[in-house]
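Asker: Structure incoming, see below.
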Amino acid sequence: MHTAVLTDRERTAVQAYLRLLHTVRAAFDGPPDAPRPPVVPPAVLAEAEQALADAGLVGNEEEFFRLLQSWFPRP
427 MHTAVLTDRE
437 RTAVQAYLRL
447 LHTVRAAFDG
457 PPDAPRPPVV
467 PPAVLAEAEQ
477 ALADAGLVGN
487 EEEFFRLLQS
497 WFPRP
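In my numbering, the protein residues as written are 427 to 501.
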């Protein structure tokens, strides 16, 4: 299996995306009738957007998801 070596900015973007993903999942966990917080707090979304911009990945989803897959493969 090929392992990519991410730059610091790419790694930061992947980590921010994973935090965003976990935040969204947490918002949907629990009983179906439980009150739901805003799905994505503005600070979490802003962090992910800034990290993607800093890594030069804005508008390049294919490259970003390739990096994500190489760094955090599915089981």
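Every residue gets a Cβ at the ideal spot worked out from N, C-alpha and C, and that includes glycine.
Taking 8 Å as the threshold (C-beta atoms), are PHE490 and ALA439 in contact?
Answerer: Going by C-beta atoms, ALA439 is nearer than 8 Å to PHE490.
Asker: Do THR449 and PRO468 have their C-beta atoms within less than 8 Å of each other?
Answerer: It is not a contact, given that the beta carbons lie outside the stated cut-off.
Asker: Rounded to whole angstroms, what's the CA-CA distance from ARG451 to GLY485? Just pull it up for me.
Answerer: Whole-angstrom Cα-Cα distance: 24 Å.
Asker: Output yes or no for whether 8 Å exceeds the beta carbon distance between GLU473 and ALA442.
Answerer: Contact: yes.
Asker: Give a yes or no on whether the C-beta atoms belonging to LEU447 and LEU493 are separated by under 8 Å.
Answerer: For LEU447 and LEU493, no; Cβs fall outside 8 Å.
Asker: Quick check on DSSP: helix, strand or coil for ALA460?
Answerer: It is coil, neither helix nor strand.
Asker: Excluding the five sequence neighbours on either side, which residues of its own chain have a C-beta within less than 8 Å of the C-beta of GLY482, listed in chain order?
Answerer: The residues are ARG435.
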